[in-house]
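Protein chains in written order, with our numbering: chain A, 3 to 360; chain B, 3 to 360. From the three backbone atoms N, C-alpha and C, an ideal C-beta is built for every residue, glycine too.
2 protein chains.
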Amino acid sequence: MFEEFLNNQDSWLNGRGPSAEIVFSSRIRLARNFDEYPFTSRAASQQREAILQKISGLYPKVRRLKKSLFISMEKVSDLDKQFLLERHLVSQEHISTLKGKGLIVSGDENVAIMVNEEDHLRMQVIMSGFNLEGCWEILDEIDDELSKMVSFAFGASLGYLTACPTNVGTGLRASCMLHLPALVLTKRINKILELLAKVSFTTRGLFGEGTQALGNFFQISNQVSLGLSERELIENLSGVVNQLVSQEIDARNTLLKKYKISTEDNVWRALGILRSSRLISTSEALNHLSLLSLGLDLGIIKGTCVFGSKQTRELLNSLFILIQPAHLQKIEGKALKEEERDYIRAAILREKLRDGRE
Amino acid sequence: MFEEFLNNQDSWLNGRGPSAEIVFSSRIRLARNFDEYPFTSRAASQQREAILQKISGLYPKVRRLKKSLFISMEKVSDLDKQFLLERHLVSQEHISTLKGKGLIVSGDENVAIMVNEEDHLRMQVIMSGFNLEGCWEILDEIDDELSKMVSFAFGASLGYLTACPTNVGTGLRASCMLHLPALVLTKRINKILELLAKVSFTTRGLFGEGTQALGNFFQISNQVSLGLSERELIENLSGVVNQLVSQEIDARNTLLKKYKISTEDNVWRALGILRSSRLISTSEALNHLSLLSLGLDLGIIKGTCVFGSKQTRELLNSLFILIQPAHLQKIEGKALKEEERDYIRAAILREKLRDGRE
């Protein structure tokens, strides 16, 4: 299952979007509930099944979703659940054992709808680079089309009703995954994260809570979705992301001006280890790939030296995901123990990052 | 001063001696005092000067020392003092500021006599590999020739008299510098060091006390020189060294059998870092060189891959010393701050260890 995703050239991982050297990806999701059923956590097993049935009949009528996959989560293997999580197509909560869960995912993986997660529908659009507008355009269209076919739970004063109060209103959460190695290396990041929390933005890591700073990735999202319009929420996040991008650029200039040699040392060591290790964990690999990515952005390492003539940004971005545990197992086509994964991860990295001159 | 030593092909660093893959070097020294003067620490300034004069007149008559350098330590710059220390030609004590100190050193650096260190004469022979017999043959000849010309302090019951009681008797200390990375990696080393201490052997690091385990080097020497003949002391040490060599070989086999992949990982990472770093400290470099050396011994890395067609053992052994702070400054011909040294050390290592295919 999902093997075709491994070679998906059009996915949000292609590294081709705007500002893709700092903004890894952009994502917007809407929480929606059918007004005729209780929220998922309060729905009986049969009701959850009915919700799943309902959306399975609706999605093929939505223009953007015509050719999407519809999957009952009960039929997904543990490995594939992890695989979907690594591709950011489902949440951790969605791969728990609760019955009646489903997933609708477009062939290019840009659109994914979780059915019976916390809300009946969690609809997301995820795109490469800094492209919240692009995400919203698609998501708004899908939401409009669905709204014409069904009645979503909506209160005149509150707006869309959701299982958790933080999502009430627009039901919208927008986020950007930012790669901020220079802010980490210059030790400016903590002050910035504190400031963001004060102005109601949430920071998470590459794979949600508890993974912060892994590979120097920070997912920034709005904390509340009430009291502002969808456009305003997106614009607010865009403003914050723009500021973070310029602060990261500033930190990168500082690295080049004040810490040139130690930055070169960090970058070249990262490449040296990626090219030579025989066992490497996901987190260590992510951190080295982050530094390698920084080195390419700063011109310390030439892309052709690392990847030959190929498109470096695209390949590098894909590596951040390819080396994840479930991805390795999908690539190998079998379950692997941790040490086996560390071995294969190292082999793949050596192969992908081998000397361009060879 | 001493620039010629940098290209000394015949020195004890050439890595060509017996068992040189584990026994880096062998050394024997004799402590001797002229009976007509008080021990150095009790001698007046004029007396120390007289001792220095006396040996300066004697050494050219000794066959092995005819072409040696005679140096007054007062005329040696701080950098050169450190350089001599790094080449194991003087002790830390000998480069303190006390006046009247001298050094006689043969052109191949195998023989070195410190004058007015703790004893009037500290005569050492140091050779590459496991070759205590070779050291003793030369040192015994020098001692014999000198004994015919002068009268050394000697007590009928105690033997040779020395400033410190631990040297009384033969005045002999024999030592071997062992490279024991596998005993360190398999965590067997501590038990072995405890055992050695119990049977009166002293363990130090590459540069004397306090440097233990740096680069996985251990200097093993006899603790007392009284009650046994020179031959017996040397044979005792040889026995211990032989045991350590076979334990290290056993540990290396264990690494290959039980920890093959993680050992390969350790070795290749070490080479990867040595080939890519832009700043590297002495101790980090020593530890990586140690692993690289192990990797060559175990056949994990082919010598031709690292050094082209050159003699790998010789080059690798020389690197352990070449990257030391004073050596770097001698090579560059000027004083260097710590960060400058780290930068040049990294550049030299990249150059020396560059891909053999290039």
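Item	Value
In terms of DSSP beta bridges, what is isoleucine 222(A) paired with?	Cys178(A) and Thr205(A)
Which residues share a DSSP beta bridge with leucine 32(B)?	Met125(B) and Leu174(B)
Any contact between the region 173-182 of chain A and the region 25-35 of chain A? By contact I mean 3 or more CB pairs, one from each, below 8 Å.	yes
Looking at the strands, I want to know which residues DSSP matches up with tyrosine 162(B).	Phe156(B) and Gly171(B)
So, is leucine 160(A) buried or exposed, given that buried needs 16 or more other C-beta atoms within 10 angstroms?	exposed
If you follow the alpha helix (DSSP H) that valine 247(B) is part of, which residue opens it and which one closes it?	232-260
Enumerate, from N- to C-terminal direction, the unbroken beta strand (DSSP E) stretches of 3 or more residues contained entirely within the region 31-114 of chain A.	71-74 and 104-107
For chain B, is any of its Cβ atoms less than 9 Å away from the one on leucine 273(A)?	yes
Are the C-beta of aspartate 299(A) and some C-beta of chain B separated by less than 9 Å?	no
Within the same chain, show all residues whose beta-carbon is closer than 8 Å to that of leucine 208(A), passing over the 5 residues directly before and after it, in chain order.	Met179, Leu216, Gly217, Phe219, Gln221, Leu288 and Phe322
Select from Val247(B), Leu291(B) and Leu246(B) the residue whose C-alpha is nearest the C-alpha of serine 320(B).	Leu291(B)
If we ignore side chains and look at the alpha-carbon of each, how far apart do leucine 148(A) and leucine 141(A) end up?	11 Å
Excluding sequence positions up to five away, which residues of its chain have a Cβ less than 6 Å from the Cβ of glycine 109(A)?	Lys69
Does chain A have any CB closer than 9 Å to the CB of isoleucine 251(B)?	no
Mapping DSSP to helix, strand and coil, what is serine 295(B)?	helix
With 9 Å as the threshold, decide whether the Cβ of serine 292(A) is near any Cβ in chain B.	no
Under a three-way DSSP split, which group does methionine 151(A) fall into?	helix
Cβ of alanine 184(A) less than 9 Å from any chain B Cβ?	no
When DSSP builds the beta bridges, which residues end up paired with methionine 116(B)?	Leu105(B) and Arg124(B)
Helix, strand or coil: how does DSSP classify serine 130(B) here?	strand
Starting from arginine 277(A), find everything on chain B with Cβ-Cβ shorter than 7 Å and list it in chain order.	Gly274
So, are the CB atoms of isoleucine 128(B) and leucine 67(B) less than 9 Å apart?	no
Whose C-alpha, out of Asp146(B), Glu234(B), Arg315(B) and Arg34(B), is nearest the C-alpha of methionine 116(B)?	Arg34(B)
Can a CB atom of chain B be found closer than 9 Å to the CB of arginine 2(A)?	No answer is possible for residue 2(A): the residues shown for chain A start at 3 and end at 360.
Shorter than 9 Å from the beta carbon of alanine 348(A) to some beta carbon of chain B?	yes
Thinking C-beta only, is leucine 54(A) closer than 9 Å to serine 74(A)?	yes
Given a cut-off of 9 Å on the beta-carbon distance, is the pair lysine 83(B) and methionine 151(B) in contact?	no
Does tryptophan 270(B) get closer than 9 Å to chain A when you measure Cβ to Cβ?	yes
Indicate the three-state DSSP secondary structure (helix, strand or coil) for phenylalanine 4(A) in the structure shown.	coil
Strictly below 7 Å CB to CB, what residues from chain A border isoleucine 263(B)?	Arg280, Leu281 and Tyr345
Checking contacts by CB at 9 Å: is glutamate 341(A) closer than that to chain B?	yes
Can you tell me which of the three DSSP states serine 283(B) falls into?	coil
Going straight from the alpha carbon of alanine 52(A) to that of leucine 123(A), what length do you get?	13 Å
Kindly indicate which three-state DSSP category serine 278(A) falls into: helix, strand or coil?	helix
Anyone know if the C-beta pair for alanine 155(A) and leucine 296(A) falls short of 9 Å?	no
Kindly list, in the order they appear in chain B, the residues whose Cβ is closer than 8 Å to that of glutamate 266(A).	Arg280
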